[in-house]
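Residue numbers (the numbering used here), protein chains in the order written: chain A, 12 to 137; chain B, 12 to 137; chain C, 12 to 137.
Here is the structure we will look at.
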Amino acid sequence: MDIERIATTDAPTPAGHYSQATAHNGLLYVAGQIPVRPDGVHTFDEPFEAQARQALANLLAIVRAGGSAPERLLKVNVYIVDIAHWPAFNRVYAEAFGDARPARAVIPVPELHHGYLVEIDAIAAR
Amino acid sequence: MDIERIATTDAPTPAGHYSQATAHNGLLYVAGQIPVRPDGVHTFDEPFEAQARQALANLLAIVRAGGSAPERLLKVNVYIVDIAHWPAFNRVYAEAFGDARPARAVIPVPELHHGYLVEIDAIAAR
Amino acid sequence: MDIERIATTDAPTPAGHYSQATAHNGLLYVAGQIPVRPDGVHTFDEPFEAQARQALANLLAIVRAGGSAPERLLKVNVYIVDIAHWPAFNRVYAEAFGDARPARAVIPVPELHHGYLVEIDAIAAR
């Protein structure tokens with residue numbers, strides 16, 4: 012099979028009928044990551060910045076497990092509750108990404124699963 | 012031309028300026044599918060589960076018309092009104108997908124066109 | 012490096028930690044474009060149609076700067092505040108796209124950055 016499913020214990024186990032990521036022909040498609048810890052502990056009571064760091068950590072763990080790297084991300088989509096969090100998100104994101112600057116869209120949503128404030132998915136080159 | 016437009020009567024005719032799907036270099040990009048029936052009849056009065064089944068049926072009909080298959084889906088995005096529908100959606104989706112487990116993001120939205128409760132788009136390998 | 016960052020003065024400079032677009036292996040991933048003018052002037056006080064035209068102009072400027080063209084767009088995502096704008100958006104979009112008909116999803120959102128009414132991102136073949 013030329014399609015690979017990525018599964019790593021460095022990011023939370025999918026709670027539904029999906030894979031953490033799929034890989035095909037040099038590209039990695041990462042599922043939406045909310046700020047659940049890899050051990051399954053929820054963080055919806057934590058402040059926005061902590062949630063953003065955890066969601067990014069999950070995303071980057073899957074990116075690495077899938078044979079890619081932060082600087083090989085091509086497009087990142089960020090789903091955010093309340094656009095007022097944009098500056099805080101951009102700051103945390105810049106710290107996590109460093110020199111990596113994929114194309115990005117920040118998309119406001121009315122709510123997220125479990126009351127989270129941020130979810131992130133991505134396409135990366137391997 | 013190395014870009015192909017997919018058109019099938021097994022899914023509703025696009026209501027706007029877009030194709031049901033485009034194909035390029037081994038990948039299929041499927042447009043957002045709402046639960047309109049292939050004959051154009053609207054289903055916005057039906058319960059959430061019926062809407063989810065119709066949207067998935069439309070998506071999978073286009074996937075097949077585009078020379079792909081459910082198990083070759085790479086990433087699925089689900090736009091959902093009211094995240095409380097998440098468990099019902101995941102159940103209907105698991106029934107429709109079986110062993111297929113593409114990466115996925117469920118993205119809450121405040122509303123959808125025509126008052127629908129769910130819309131789905133995807134990227135698949137052919 | 013096999014990943015290229017696109018930067019053009021024909022579209023607004025990214026306000027955050029991202030590139031206008033990235034290119035890899037024949038595909039171009041364009042960041043979410045809001046209706047800021049290329050010179051940085053905001054247009055959030057303008058009517059919906061003017062905002063849609065500016066967001067599309069930004070998107071297409073980046074598409075061209077990235078070595079692609081409108082008819083080589085594969086998938087366009089449109090984030091829109093108030094789905095009542097759908098007919099106006101589709102009209103402006105059809106005028107801008109002409110014969111080009113990529114797959115598309117129109118995704119309602121509760122708000123957008125700076126109070127804008129529309130944001131657009133895309134994947135294109137080069």
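Ideal Cβ placement from N, Cα and C applies to all residues, glycine included.
Item                                                                                              : Value
Residue-level contact to chain B via CB, F108 of chain C, 8 Å cutoff                              : yes
I3 of chain C - DSSP class collapsed to helix/strand/coil                                         : The requested residue 3 of chain C does not occur in the structure, where chain C is confined to residues 12 to 137.
DSSP three-state assignment for E15 of chain A, whether helix, strand or coil                     : strand
Beta-carbon proximity of R64 of chain A to Y29 of chain C, cut-off 8 Å                            : no
Rounded C-alpha distance that separates H96 of chain C from Y90 of chain B                        : 18 Å
Span of the alpha helix (DSSP H) around A135 of chain B                                           : No alpha helix (DSSP H) contains A135 of chain B, which is instead part of the beta strand (DSSP E) from V129 to A136.
For L71 of chain B and P81 of chain B, the rounded distance between their alpha carbons           : 7 Å
Under the three-state DSSP convention, the category H53 of chain C falls into                     : coil
Closest residue to V74 of chain A among A:I118, A:D56 and A:T20 (Cα-Cα distance)                  : A:T20
Cβ neighbour criterion (16 or more within 10 Å) applied to V87 of chain C                         : buried
As assigned by DSSP and simplified to three states, the class of L39 of chain C                   : strand
Check: E106 of chain B C-beta below 7 Å from any heavy atom of the ligand COA                     : Annotation note on the ligand COA: not contained in the displayed structure, which lists no ligands.
Interface partners of R112 of chain B on chain A, CB under 7 Å                                    : R16, H28, Y29 and S30
For R115 of chain B, the residue or residues it bridges with in DSSP                              : B:V87
Distance, Q44 of chain B Cα to D26 of chain B Cα                                                  : Reading the sequence as shown, one finds Ala at residue 26 of chain B and not Asp. Roughly 11 Å separates the two Cα atoms.
Through-space distance from A116 of chain C to P58 of chain C, alpha-carbon basis                 : 22 Å
Distance, A22 of chain A Cα to A152 of chain A Cα                                                 : Given that chain A is displayed from residue 12 to residue 137, the structure contains no residue 152 of chain A and the question cannot be resolved.
Those residues which DSSP pairs with Q44 of chain B across a bridge                               : B:I131
Beta-carbon separation (whole angstroms), P46 of chain C vs T54 of chain C, contact threshold 8 Å : 5 Å
Check whether Y40 of chain C and I17 of chain A have beta carbons under 8 Å apart                 : no
is_contact[V129 of chain B, chain A] using C-beta, thresh 8 Å                                     : no
Distance, V103 of chain A Cα to L128 of chain A Cα                                                : 14 Å
Expected contact under 8 Å - CB spacing of P121 of chain B and P98 of chain C to nearest Å        : Actually they do not touch by this definition, with Cβ atoms about 18 Å apart.
Test item: CB-CB of S79 of chain B and A136 of chain B under 8 Å                                  : yes
Whole-Å CB distance - E15 of chain A paired with A66 of chain A, under 8 Å assumed                : Not confirmed; about 23 Å, so no contact.
Contact list for E122 of chain A against chain B, beta-carbon separation under 8 Å                : I94 and P119
Any chain A beta carbon closer than 8 Å to L71 of chain B                                         : no
Contact set for I94 of chain A: own chain, Cβ-Cβ below 8 Å, skip 5 residues either direction      : V117 and P119
Neighbouring residues, chain C, relative to R83 of chain A (Cβ below 8 Å)                         : I14
Closest Cα partner of L85 of chain C within the set C:G37, C:T24, C:M12 and C:D13                 : C:G37
Contact list for G43 of chain C against chain A, beta-carbon separation under 9 Å                 : N88, A114, R115, A116, V117 and I118
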